[in-house]
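Right, one structure below, let's go through it.
Protein chains: 2
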Amino acid sequence: MAQLDDLDRAILRLLKEDARLTISEIAERLGRPESTIHFRIKKLQEKNVIERYTIVLGKDLRPKALGILYIQARTPVIEDFLQKYIAHIVKTLAMLPNVLMVARSGGDGIIALIGGDNWEKVQDFVKETVEVLPGLERVELFPVDSFEKGAGIVGFLVDV
Amino acid sequence: MAQLDDLDRAILRLLKEDARLTISEIAERLGRPESTIHFRIKKLQEKNVIERYTIVLGKDLRPKALGILYIQARTPVIEDFLQKYIAHIVKTLAMLPNVLMVARSGGDGIIALIGGDNWEKVQDFVKETVEVLPGLERVELFPVDSFEKGAGIVGFLVDV
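Protein sequences, first through last, are from chains E and Z. First residue of the first sequence: 162, per this note's numbering; consecutive thereafter. First residue of the second sequence: 162, per this note's numbering; consecutive thereafter.
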């Protein structure tokens with residue numbers, strides 16, 4: 162377990178905002194020597210506190226409409242079949258570019274973030290790709306409209 | 162609207178995986194001159210196709226359990242009150258560190274991503290912080306378990 166102090170956290174906060182900041186810019190902002198900042202960042206990377214560096218894509222490439230999709234499978238007689246069936250749906254959804262995120266949800270469910278050019282397209286996708294699947298107990302789609310926090314996930318997740 | 166060609170997309174894919182790649186590393190991988198890569202990245206930044214550079218935090222700092230929370234307010238007689246009430250709940254949730262993401266959902270709903278040390282803590286948070294609020298029609302919490310796609314959102318969203 163990584164033990165972080167205030168300086169570590171301050172560095173991480175700056176890098177989260179802008180990972181292109183140079184060592185000397187961070188040193189200046191935090192009023193610490195460059196050698197200290199260099200050493201700390203090296204440690205944070207080695208300890209996998211910083212797992213990776215990435216980019217967030219801008220509005221043009223992001224879907225205009227989003228929905229959270231919940232799918233629940235009907236519990237069949239054979240439990241083993243249920244698990245294989247859910248794993249199959251999850252893998253299929255993950256291959257589709259408008260499925261930004263997909264995860265298992267409990268023993269019999271799936272949760273996913275779906276994107277589209279507009280809300281009708283998101284709904285159509287669910288109707289045509291998900292609701293047609295046999296053996297589902299429940300399919301529910303919640304719109305994701307204006308973000309108050311975490312808006313960056315769309316530009317972080319979107320495929321190019 | 163940004164017009165991207167195959168080279169732009171190849172550059173973006175490499176930077177999404179590792180935004181620390183140097184111009185010369187990208188040039189070598191894609192078999193193009195450094196000057197071309199330099200020019201393309203400059204353009205992608207100027208056009209806000211690359212909105213920003215950031216870091217993804219590793220496992221130690223991430224919540225161990227996650228849930229998607231859906232809240233639906235009861236429609237009151239006065240529509241204006243409903244909007245203000247939802248805006249208030251959204252703003253309050255956004256201030257809490259274990260609320261990783263929160264957005265409006267349709268005219269009377271809220272959708273959020275909640276983190277915690279374990280599933281019981283996520284459930285307790287919803288019971289103690291959300292279910293106690295007056296005037297709610299529906300509160301539902303879906304576990305988010307193993308990711309097939311988009312696992313990085315947790316390390317992207319988590320506060321330090």
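Just so you know, even glycine gets a beta-carbon here, dropped at the ideal spot from N, CA and C.
How many angstroms separate the CA atom of residue i from the CA atom of residue j?
i, j, result
"Ala188 of chain E", "Met256 of chain E", "42 Å"
"Lys177 of chain E", "Ile216 of chain Z", "5 Å"
"Gln164 of chain E", "Asp179 of chain E", "23 Å"
"Pro194 of chain Z", "Pro194 of chain E", "36 Å"
"Lys208 of chain Z", "Arg170 of chain E", "31 Å"
"Glu301 of chain Z", "Ile232 of chain Z", "7 Å"
"Lys220 of chain E", "Ile211 of chain Z", "9 Å"
"Gly105 of chain Z", "Arg223 of chain Z", "This structure cannot settle anything about residue 105 of chain Z, because the visible part of chain Z is limited to 162 through 321."
"Val251 of chain Z", "Ala234 of chain Z", "12 Å"
"Tyr214 of chain Z", "Thr290 of chain Z", "34 Å"
"Gln206 of chain E", "Leu218 of chain E", "23 Å"
"Ile198 of chain Z", "Ile172 of chain Z", "8 Å"
"Leu175 of chain Z", "Leu182 of chain Z", "8 Å"
"Trp280 of chain Z", "Lys204 of chain Z", "45 Å"
"Gln244 of chain E", "Glu298 of chain E", "15 Å"
"Thr253 of chain Z", "Val293 of chain Z", "14 Å"
"Ile272 of chain Z", "Tyr246 of chain Z", "15 Å"
"Phe286 of chain E", "His249 of chain E", "18 Å"
"Arg190 of chain Z", "Val321 of chain E", "18 Å"
"Gly268 of chain E", "Ser196 of chain Z", "52 Å"
"Gln127 of chain Z", "Ile202 of chain Z", "Only positions 162 to 321 of chain Z appear in this structure, which leaves residue 127 of chain Z out of reach."
Taking 8 Å as the threshold (C-beta atoms), are residue j and residue i in contact?
i, j, result
"Phe303 of chain E", "Ser266 of chain Z", "yes"
"Val305 of chain Z", "Gly192 of chain Z", "no"
"Phe308 of chain Z", "Ala264 of chain E", "yes"
"Pro237 of chain E", "Gly313 of chain E", "no"
Since residue i and residue j are thought to touch, with beta carbons under 8 Å apart, how far apart are those beta carbons, to the nearest angstrom?
i, j, result
"Val319 of chain E", "Leu230 of chain E", "In fact, because the Cβ distance is near 17 Å, the residues do not count as touching under 8 Å."
"Leu274 of chain E", "Gly311 of chain Z", "7 Å"
"Ala226 of chain Z", "Lys282 of chain Z", "7 Å"
Would you call residue i buried or exposed, if buried means 16 or more other Cβ atoms sit within 10 Å of its Cβ?
i, result
"Leu168 of chain Z", "exposed"
"Asp166 of chain E", "exposed"
"Gly270 of chain E", "buried"
"Asn259 of chain E", "buried"
"Ile239 of chain E", "exposed"
"Phe242 of chain Z", "exposed"
I'd like to know if residue i contacts chain Z, where contact means its C-beta is closer than 8 Å to some C-beta of that chain.
i, result
"Asn209 of chain E", "yes"
"Asp221 of chain E", "yes"
"Leu168 of chain E", "no"
"Leu302 of chain E", "no"
Show which residues of chain C have a CB atom less than 7 Å away from the CB atom of residue i.
i, result
"Tyr246 of chain E", "Given the protein chain composition of this structure (E and Z), no chain C is represented."
Does any residue of chain E have a CB that is nearer than 8 Å to the CB of residue i?
i, result
"Phe308 of chain Z", "yes"
"Lys204 of chain Z", "no"
"Arg235 of chain Z", "no"
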